[in-house]
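So the sequence shown is numbered by the working numbering: it starts at 22 and just counts up by one.
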Amino acid sequence: MIETRSVEVCPTCGVHWHRERQPARCLDPAHEHTIVEVHVHRSTVRLPDGTAVAAVSFDPLDPYSRTRDPRFGLYLDPAWHPPWPHGLFSWPDFGVPADPGELERALGRLLARARQGDEVELGCLGGHGRTGTALARLAVLCGQPPSTAVQWAREHYCVRAVETHEQEAFVVTFSGQ
Ligand SMILES: [Zn+2]
Ligand SMILES: [Zn+2]
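What follows is the structure in structure tokens.
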């Protein structure tokens, strides 16, 4: 079961709000609004070798409440400023990283911590495109063939994991070296 939040968007005003928990930010009846179901992810994912990683979305209403703080988080969006030790990796939303080698090193360090038994987190904003792509590449580092790593992420994390064709190609062409 994945918790969802219903977000209402007014493209005319360029505003959005959480329908259940925030007042409407546009009340103009002439504006066409769209409703988006957003996943709230705090999902523990088991990589193919059994290593556990928590994959998270950024919940702007309550980003940092946890039963227990992670030992380390790797975040792919500058929205994150958690009170626990973390790294930020610059990766444009809906895109792929400019420096794949730097991403591999960051993911390798995250994996090494997780294998030592540290609780680690991986997150972006929505928790699907960048987080899903990074999870797929972590799976490849754990022995998953690149050609099936996107499918793996969708089965073991979320059906919405990896959002664009460019991100899919980025996973498949990863050599793991
Ligand atoms: Zn409006
Ligand atoms: Zn999801």
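From the three backbone atoms N, C-alpha and C, an ideal C-beta is built for every residue, glycine too.
- In chain order, what residues of the same chain have a beta carbon less than 6 Å from the beta carbon of residue 124, not counting five sequence neighbours either side? Result list for residue 124: 118, in chain order.
- State the Cα-Cα distance for the pair residue 231 and residue 112, rounded to the nearest angstrom. Residue 231 falls outside the range modelled here, since the chain spans only 22 to 198, and no answer is possible.
- What residue does the alpha helix (DSSP H) around residue 173 start on, and which one ends it? Element bounds for residue 173: 170-177.
- Message: Considering only heavy atoms of ligand 2, does any lie closer than 6 Å to the CB of residue 177?
- Response: Shortest gap from the CB of residue 177 to any heavy atom of ligand 2: 6 Å or more.
- Query: Between residue 182 and the rest of its own chain, which residues show a CB-CB distance below 6 Å, the 5 nearest in sequence each way excluded?
  - Reply: These residues qualify, in order along the chain: 149, 153, 174 and 175.
- In this structure, what does DSSP give as the bridge partners for residue 134? BP columns for residue 134 are empty, so no partner.
- Report the three-state DSSP secondary structure of residue 45 (helix, strand or coil). Coil, per DSSP.
- Message: Is residue 151 close to ligand 2? I mean its beta-carbon at under 6 Å from any heavy atom of the ligand.
- Response: Flag unset: Cβ of residue 151 not near ligand 2.
- Query: Who are the Cβ neighbours of residue 187 in its own chain at under 6 Å, not counting the five residues just before and after it?
  - Reply: Counting only residues of its own chain and dropping the five nearest sequence neighbours on each side, residue 187 has a CB closer than 6 Å to the CB of 117.
- Query: For residue 8, which of helix, strand or coil comes out of DSSP?
  - Reply: Nothing about residue 8 can be reported from this structure: the residues present for the chain run from 22 to 198 only.
- 7 Å Cβ shell around residue 191 - same chain, five flanking residues per side excluded: Only 117 and 154 meet the Cβ criterion.
- Task: Would you check if the stretch 98-108 and the stretch 37-45 touch, i.e. whether three or more CB-CB distances between them fall below 8 Å?
- Result: When Cβ pairs closer than 8 Å are counted between the two stretches, the stretch 37-45 is seen not to touch the stretch 98-108, the count staying below three.
- Query: Rounded to a whole number of angstroms, what is the C-alpha to C-alpha distance between residue 108 and residue 86?
  - Reply: Rounded to whole angstroms, residue 108 to residue 86 spans 18 Å at the Cα level.
- Query: What number of angstroms, rounded off, separates the C-alpha of residue 122 from the C-alpha of residue 51?
  - Reply: Between residue 122 and residue 51, the C-alpha separation is close to 49 Å.
- Message: Out of 147, 31 and 195, which one is the CA nearest neighbour of residue 84?
- Response: Checked all of 147, 31 and 195; the closest Cα to residue 84 is 147.
- Query: Would residue 171 pass as a contact of residue 91 if the rule is Cβ separation under 7 Å?
  - Reply: Cβ distance not < 7 Å, so residue 171 and residue 91 don't count as in contact.
- Closer than 6 Å: residue 33 CB and nearest ligand 1 heavy atom: At least one heavy atom of ligand 1 sits closer than 6 Å to the Cβ of residue 33.
- CB-CB under 7 Å to residue 136, same chain, minus the five flanking residues each way: which ones, in chain order? Correct list, in chain order: 72.
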